[in-house]
Amino acid sequence: MSEWKTCWVEGKSLTSPQGETALVLNPATGETVATVAEATALEVDSAVNAAHRAFASGVWRKASPSNRSKTLHRLAELVRTHAEELAQLESRPAGKTITDSRDEIRYSANIIQYYAGILPTFGGEVPAVSANGTGLVFREPIGVCGLIVPWNFPLVVALWKIAPALAMGNSIVVKPAPATPLTVLRLAELAQEAGLPDGVFNVVLGGAEVGRTLVQHPLTRKVSFTGSTRAGKEVMKMAADGIKRVSLELGGKSASIVFADANVEKAANTLWSVFANAGQDCCARSRMLVQRPVYNEYVERFVENTRKIRLGLPQEDTTEMGCLISYAQRERVDGLVQQGKAQGAKLCLGGGVPTGAEFANGSFYEPTVFADVTPDMVIANEEIFGPVASILPFDTEEEAIQIANATQYGLSGSVWTRDIARALRLVREVEAGVISVNTSSSVHLEMPFGGMKQSGTGRELSHHALEHYSELKSVFISAE
Ligand code: NAD
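Take the sequence shown: its letter number 302 is residue 309 in this note's numbering, and every next letter is one higher.
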């Protein structure tokens, strides 16, 4: 059944939307999941003004940290109570497996609970200044935060921004991706039920143009964006005009570096480091650099493991990999795969659209593995954002570091070795904001997440995210 959705402004859905109508589709089946009215500039203006009024009134910003914390705890509980509904709303438009969607909703509640828990402990400072007075350093909320979200992890990535922004007392205007707006809209309703004052949490619907309007609005003081490096650059330029605070979480081309002394069996089994979410993951380890003595063994094991991935309809419990977000994304991925073949990479598995009746109406792509990739090939450099792994051989530690760093990106990475000294050297030398040793798991609520170089600026998660949603104010009180 298809629903009708409009922007959420000052605690209600807009009743007479002015914008164009767009369809939210299920990319696995082609069915319409919802119909949405996209925002016009007028509606973005209403949302930002509502957020600004709520901020100026102090209704949330001046609430005590313990009261803000209680509201966020209630929201976390409501997300848990509505977990199955949210998982369905997430899975259908994203083509994401229902199993992953359920995990992500559980994790979403944990994000809110984490910030509800730490916010009362995140205060100011009383620095030792001078005998003539006392210094106080306050952490003030910034104001209206424009939060722009992609389609790959629609609720999780939104909450990486929403939870710390609200925790610090800001007002927010969230712009979800046009393909996946439903869970953020439902979250806004649940936030109201949790007791968040109207106007603090607003949602505008639409694509790049709506995003641009939100970034450029004079009352938007902070922008947090996740998406492509191309759009991130544009956001940064637009924000420069108003000296707006900017956090960017952009693309990646992360390396998993496997040394000959590693547990090769374990390393070659971490399929989800690249195939999770059908490869549409900014921290996917899509380049696997493998030292030559174990190179053939690794390739063989990795290909055999990948062959077992159960590609299927996202709604089925047994499906391990769903489809891509759209046919356009599939075309882009396939274009890069064709370039890999043309440049001489060895296609070991996949490389095309799967056959079978269940795949006929959706943007599915086979899990794909290339070996003998060289650092100059397009597939070794471009963020593919699809289920494509590239395996490259290397000889020395220096060569591995050189290849790993020869990219504009610097988001994440992994090192596989039993040599602790080497692991410690590598984690310092690889230019990435997030790196793991002997595992591909690197995203933890308690640790900052974000990129070096063109993978972005600022950090999400951990208490450090709160720094990006607050300003320091220094006060000196004379003792004389
Ligand atoms: P995109 O960067 O165009 O869109 C991401 C979000 O930003 C969406 O909400 C979009 O509406 C909005 N947006 C786009 N241009 C904008 C602008 N100029 N100003 C303000 N907001 C803007 O990403 P896409 O087109 O959906 O995907 C293209 C590629 O981006 C993918 O193939 C992938 O490589 C990359 N991507 C990365 C991530 C990530 O997590 N880092 C997420 C999605 C896409």
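Here a beta-carbon is modelled for each residue, glycine too, at the ideal position from N, C-alpha and C.
- The three-state secondary structure of residue 298, taken from DSSP, is strand.
- Closest in C-alpha terms to residue 462, from the list 379, 365, 395 and 239, comes 239.
- A Cβ-Cβ contact shorter than 7 Å links residue 206 with residue 60.
- Counting only residues of its own chain and dropping the five nearest sequence neighbours on each side, residue 358 has a CB closer than 6 Å to the CB of 344 and 375.
- By DSSP's assignment, residue 30 forms a beta bridge with 42.
- In this structure, residue 253 has its beta carbon at no less than 6 Å from each heavy atom of the ligand NAD.
- Residue 105: member of the alpha helix (DSSP H) spanning 105-125, first to last residue.
- Exclusion of the five residues before and after residue 336 leaves 287, 370, 392 and 393 as the residues of its chain whose Cβ lies within less than 8 Å of its Cβ.
- Runs of the beta strand (DSSP E) spanning 3 or more residues and lying entirely within the segment 350-388 occur at 353-356 and 375-378, in chain order.
- Judged by beta-carbon spacing, residue 234 lies beyond the 7 Å limit of residue 416, meaning their Cβ atoms are not closer than that value.
- Taken in chain order, the complete alpha helix (DSSP H) segments of 4 or more residues contained in the segment 47-101 are 48-64, 72-88 and 90-101.
- Going by C-alpha positions, residue 269 is about 60 Å away from residue 139.
- Under a 10 Å Cβ-count criterion, residue 428 is classified as exposed, with fewer than 16 other Cβ atoms of the shown protein chains found around its own Cβ.
- In the DSSP assignment, residue 474 falls outside any beta strand (DSSP E) and lies within the alpha helix (DSSP H) extending over 471-474.
- Checking the 6 Å criterion, the Cβ of residue 233 is within range of a heavy atom belonging to the ligand NAD.
- Taken through DSSP and simplified to helix, strand or coil, residue 465 comes out as coil.
- When only Cα atoms are considered, residue 224 and residue 53 end up about 11 Å apart.
- For residue 222, the enclosing alpha helix (DSSP H) covers residues 215-223.
- By the C-beta density criterion, residue 28 is exposed, having fewer than 16 other C-beta atoms within 10 angstroms.
- Relative to the ligand NAD, even the nearest heavy atom lies 6 Å or more away from the CB of residue 134.
- DSSP places residue 184 in no alpha helix (DSSP H); its state is neither H nor E.
- Taking C-beta separations shorter than 8 Å and ignoring five residues to either side along the sequence, residue 88 has no partners in its chain.
- By the neighbour-count criterion, in which a residue is buried when 16 or more other Cβ atoms sit within 10 angstroms of its Cβ, residue 177 is buried.
- Judged by their CB atoms, residue 301 and residue 356 are not nearer to each other than the 7 Å cut-off.
- The alpha-carbon of residue 425 is positioned some 22 Å away from that of residue 281.
- Annotation for residue 155 indicates a beta carbon within 6 Å of some heavy atom of the ligand NAD.
- Taking the Cα positions, residue 201 is about 24 Å away from residue 98.
- Secondary structure of residue 168 (DSSP, three-state): helix.
- For residue 427, there is no enclosing beta strand (DSSP E); the enclosing alpha helix (DSSP H) covers residues 427-436.
- In the structure shown, residue 327 falls within a coil segment according to DSSP collapsed to helix, strand and coil.
- With a threshold of 6 Å, the Cβ atom of residue 284 does not count as near the ligand NAD, since no heavy atom of the ligand is closer than that.
- Taking C-alpha positions only, residue 96 is separated from residue 189 by approximately 6 Å.
- Relative to the ligand NAD, even the nearest heavy atom lies 6 Å or more away from the CB of residue 181.
- Segment contact: the segment 246-262 against the segment 406-420, three or more CB-CB distances shorter than 8 Å; contact assigned.
- Taking each of 208, 175, 198 and 204 in turn and checking the Cα distance to residue 182, the smallest one comes out for 208.
- In this structure, the CA atom of residue 256 is about 26 Å from the CA atom of residue 32.
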